[in-house]
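Chains as they are written, first to last, in my numbering: chain A, 1 to 297; chain B, 1001 to 1384.
C-beta: ideal position from N, C-alpha, C; glycine also.
Model, not experiment: these values are computed from the prediction.
What follows is a set of notes on a single structure, which appears directly below.
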Amino acid sequence: MISLKDKVAIVGMGCSKFGERWDRGVADLAIESAYEAYEDAGVGPQDIEAIFIDQMYAPVGGLAAAQVADALKLSNIPLIRNENFCTFGHIALFEACMAVASGAFDVVMALGVEKLKDTDYPDLGAGRGMNPVTEARRTAPGSFALIATRYFEQYGLSYEEGKQTIGKITVKNHHNGMFSPRAHFHKELTLDQVMPAPIIATPLGLFDCCGNSDGSACAIITRADNAKAFRDDPIYVKGLGVAMDTMLPHQRPGFSWTSFDALKTSSSKAYQMAGIKDTRKEIDLAEVHDVSRSRKC
Amino acid sequence: MLYASTTAPYAEKSQAGFATTAIDLKYTIHTADFGSSARAGTSALKAALDAVASGSNARVIVIAADCPLGYPKSDLEQIAGDAGAAALIAADDLVAIYRESFSLNNEILDNWRNSGDKFPHSAESRFAKDEVYNRAVSQAIKGLLSQVDLKPEQISKLVLATQGLRDSSKIAKHLGFAPERLSDPLRLQVGYCGAAQPLLLLANALETTAPGDLILVARNLARGRPLESYNRFLSFRDILEAQPGEPFRTVPSTAGYWRDQESLLRFHGSKCTKCGTITTPMNRVCPTCHSKDEFETVRLSDRKARVFTYSIDNLAGRSDDPVVVQTVCEDDEKTRYYLLMTDFDKDKISIGMPVEFTFRKVYVGGNYINYYWKCRPAANAEGE
């Protein structure tokens, strides 16, 4: 893979408010983030040469990207969608960066949007796998709890000790959410509130599972050598790493359930590309995706 | 393979073909369905005996299964039980020898279900049972005894399948059978189980019979989890409607179900012929060595395994049964299984716990029943 280091830059970002946005649809959420990104980058719809759009659940006919492009009235340009569940926003950015780095386009948009609250399903619904029979009752909390249960076993934690560990991450995450005006939840929690919360899927309680949010985020990406034409302080992409594991590690002999190769592979590729040798010294801020606290362990 | 039931899952569809697949018999056997009345069990048994006696078939398996459903709070509901029983009929390697049969046909509306009815109707029992049915059974037994020239006292065990609680002892007494010759009707353990009853009671009699005994049939208890309430029973039987709107994201397909039947119904896995990795459901490309289409199928349904990890999800199930246990288990060959657990006590699930596999209804989707295998706590702690 070619190195992307300092080849592309983000010149505009937009982000909607996240939460239960009953009065806003997919189109509204996409417009919210896209127009903020246009303004931030000082560009308009006419400047966008390709759009990388991601929406995992497209309740209307499975049409995810087309819905968004139509709302933004972006036509006659390539429209590309991916389907990588919780990572699809990252993958949209990855695709956009690769497209610009390849020289195919100069200015592209990466946009992620999800409208979960129109479909009324608790925790994204059951049957989230690939087979309607063998994975009929597969849910997000139930699946990620498989990791937690095994983690406790492997590291010799009692249920209470393990649950406390997860609870502390929950408290920290809610605290961090206070710094983001557009976060779904703005509420400090204490361990005493987290621990006795109703169990969703053992050992994950109510606060250990992510809320179901509606929201959207958007980035405008361009060539690094042209970024200063848009603004004085572009964000240069230093490293990107992507790795897909499998939807069904369940059937892989010897799988530990406590460590995922794709996590290590993707981050080490990004570090390598960026030239990061000592993460503790060189990285100031880590944003870690966390649909269920057990994944953060 | 002959299948008998009056309460089979589908009103129209071959159950015998389905059961043949689920118990992993070969494709090239003759299958037939028997139904319409509780006598279907003995009708299928007779057909099997005739088929083997005539030389038409060398080995015939007869399966009878019923889940009799009475009106809520009715007598039938209280005396009924769900059961399945099977008999293998052959000309050699026998545990019991079939001597004679005697049939008697008697047209009567005693128990019937109109087309489209959920619950059966029954006639006044003093008429239907005392006057007609029990008398007919007595006549059949007398006819058989006279045909083989035997007297009641020469019969070691009398297996009597009757609906009423006391009918079998009444008939036995009337015909002059000593009370201890009447085989245990399993009233308290199972109850009235329709077409399955004669086969079930026969199996029970055979297990408690000495070589040389004579058995007369005039018409293995499963483990389960006690239901915590009568309401739960009613909703499981679709008498009380459960809250609709299950949050399924994936849509079942009849063609997909047909294509995947070797994995889904027979519970076969694929064993890589290059590296030996076994996966279930079956995989064309080996997850270990990436060999393509280099596998043999292996039967996994009889294996035992242990829980590797699990989660108890309080919200993933149907509204009347919301708790779902997702389980990853591992057998002695390190094969991994991802299955739902059933018949569990949620306070007694742990890593390392022995489990066995059981064929179950998973859910109704696409207007048909999606069956697959689940795991359940093993019969004993060693998982043997």
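Spatial distance of residue i from residue j (CA atoms)
i	j	result
Arg1039 of chain B	Gly1194 of chain B	8 Å
Ala92 of chain A	Gly1224 of chain B	49 Å
Glu1382 of chain B	Gln1197 of chain B	Only weak support exists for where Glu1382 of chain B lies, its pLDDT of 43 falling under 50; the value from the coordinates is given anyway. Near 31 Å, if we compare the C-alpha coordinates of Gln1197 of chain B and Glu1382 of chain B.
Tyr1310 of chain B	Ile166 of chain A	17 Å
Thr15 of chain A	Gly215 of chain A	What sits at residue 15 of chain A in the sequence shown is Cys, not Thr. Cα to Cα, Cys15 of chain A sits roughly 8 Å from Gly215 of chain A.
Glu39 of chain A	Arg223 of chain A	18 Å
Thr246 of chain A	Leu1227 of chain B	37 Å
Ala1064 of chain B	Ile1097 of chain B	20 Å
Tyr1338 of chain B	Ser1103 of chain B	49 Å
Thr119 of chain A	Thr139 of chain A	15 Å
Lys1142 of chain B	Leu1025 of chain B	39 Å
Glu1246 of chain B	Ala1128 of chain B	44 Å
Gly275 of chain A	Glu282 of chain A	10 Å
Leu950 of chain B	Pro249 of chain A	Residue 950 of chain B is absent from the model: chain B starts at 1001 and stops at 1384.
Arg1318 of chain B	Thr1297 of chain B	33 Å
Ala1086 of chain B	Ile1171 of chain B	26 Å
Thr1162 of chain B	Leu1201 of chain B	11 Å
Phe1177 of chain B	Ser1043 of chain B	25 Å
Val8 of chain A	Ala27 of chain A	28 Å
Tyr1257 of chain B	Gly61 of chain A	23 Å
Ala1080 of chain B	Asn1370 of chain B	26 Å
Pro1244 of chain B	Asp1320 of chain B	10 Å
Residue span of the beta strand (DSSP E) that contains residue i, given as start and end
i	result
Tyr1338 of chain B	Arg1336 to Met1341
Leu111 of chain A	Val107 to Glu114
Trp986 of chain B	No information on residue 986 of chain B is available, as it lies outside the stretch 1001 to 1384 that chain B covers here.
Leu1002 of chain B	Leu1002 to Ala1004
Leu1158 of chain B	Lys1157 to Val1159
Asp54 of chain A	Ala50 to Asp54
Leu1088 of chain B	Ala1083 to Ala1090
Residue i - containing alpha helix (DSSP H), residue span
i	result
Asn1204 of chain B	Ala1196 to Glu1207
Gln193 of chain A	Leu191 to Val194
Pro1354 of chain B	Where Pro1354 of chain B is concerned, there is no enclosing alpha helix (DSSP H), although the beta strand (DSSP E) it sits in stretches over Pro1354 to Gly1365.
Tyr1230 of chain B	Tyr1230 to Phe1236
Met98 of chain A	Phe88 to Ala101
Ser1311 of chain B	Segment Lys1304 to Asp1313 is the beta strand (DSSP E) holding Ser1311 of chain B; no alpha helix (DSSP H) there.
His250 of chain A	His250 of chain A -> no alpha helix (DSSP H), and no H or E assigned at all.
C-beta contact flag for residue i and residue j at 8 Å
i	j	result
Pro132 of chain A	Thr1250 of chain B	yes
Val1307 of chain B	Ile1278 of chain B	no
His1174 of chain B	Ser1138 of chain B	yes
Ala1242 of chain B	Ser1253 of chain B	no
Ala64 of chain A	Gln55 of chain A	yes
Pro1068 of chain B	Tyr1230 of chain B	no
Asn173 of chain A	Asp290 of chain A	yes
Met109 of chain A	Ile51 of chain A	yes
Leu1206 of chain B	Pro1185 of chain B	no
Val100 of chain A	Ile221 of chain A	yes
Ala1016 of chain B	Ala1032 of chain B	yes
Asp208 of chain A	Ser292 of chain A	yes
Thr1007 of chain B	Ser1037 of chain B	no
Ser1156 of chain B	Leu1214 of chain B	yes
Val237 of chain A	Ser266 of chain A	no
Gly162 of chain A	Ala145 of chain A	no
Any C-beta of chain D under 8 Å from that of residue i
i	result
Tyr1372 of chain B	This model lacks chain D altogether, as its protein chains are A and B.
Neighbour-count burial assignment, residue i, 16 or more Cβ in a 10 Å radius
i	result
Thr1327 of chain B	buried
Ser1270 of chain B	buried
Phe1344 of chain B	buried
Arg1126 of chain B	exposed
Ile1108 of chain B	exposed
Asn1111 of chain B	buried
Glu20 of chain A	exposed
Leu285 of chain A	exposed
Leu1264 of chain B	buried
Ala30 of chain A	buried
Asn76 of chain A	exposed
His1268 of chain B	buried
Ala34 of chain A	buried
Ala229 of chain A	exposed
Residue i: CB within 7 Å of a non-hydrogen atom of the ligand COA
i	result
Glu1356 of chain B	This structure simply doesn't include the ligand COA, nor any ligand for that matter.
(request) Report the residues of the stretch 1298-1317 of chain B with a CB closer than 8 Å to any CB of chain A, ordered along the chain. (result) Phe1308, Thr1309, Tyr1310, Ser1311, Ile1312, Asp1313, Asn1314, Leu1315, Ala1316 and Gly1317
(message) Please identify, using Cβ separations under 9 Å, the residues of the stretch 179-208 of chain A that lie next to chain B, in order along the chain.
(response) Pro198, Ile199, Ile200, Ala201, Thr202, Pro203 and Leu204
(request) For the stretch 245-259 of chain A, enumerate the residues whose C-beta is nearer than 8 Å to any C-beta of chain B, in chain order. (result) Thr246, Leu248, His250, Gln251, Arg252, Pro253, Gly254, Phe255 and Trp257
(request) Would you list, in chain order, the members of the stretch 1270-1286 of chain B that have their beta-carbon closer than 7 Å to a beta-carbon of chain A? (result) Thr1277, Thr1279, Thr1280 and Pro1281
(request) Using a Cβ-Cβ cut-off of less than 9 Å, list which residues of the stretch 131-142 of chain A approach chain B; keep chain order. (result) Asn131, Pro132, Val133, Thr134, Glu135, Ala136, Arg137, Arg138, Thr139, Pro141 and Gly142
(request) Give the residues from the stretch 1144-1161 of chain B that approach chain A closer than 7 Å (Cβ to any Cβ), ordered along the chain. (result) none
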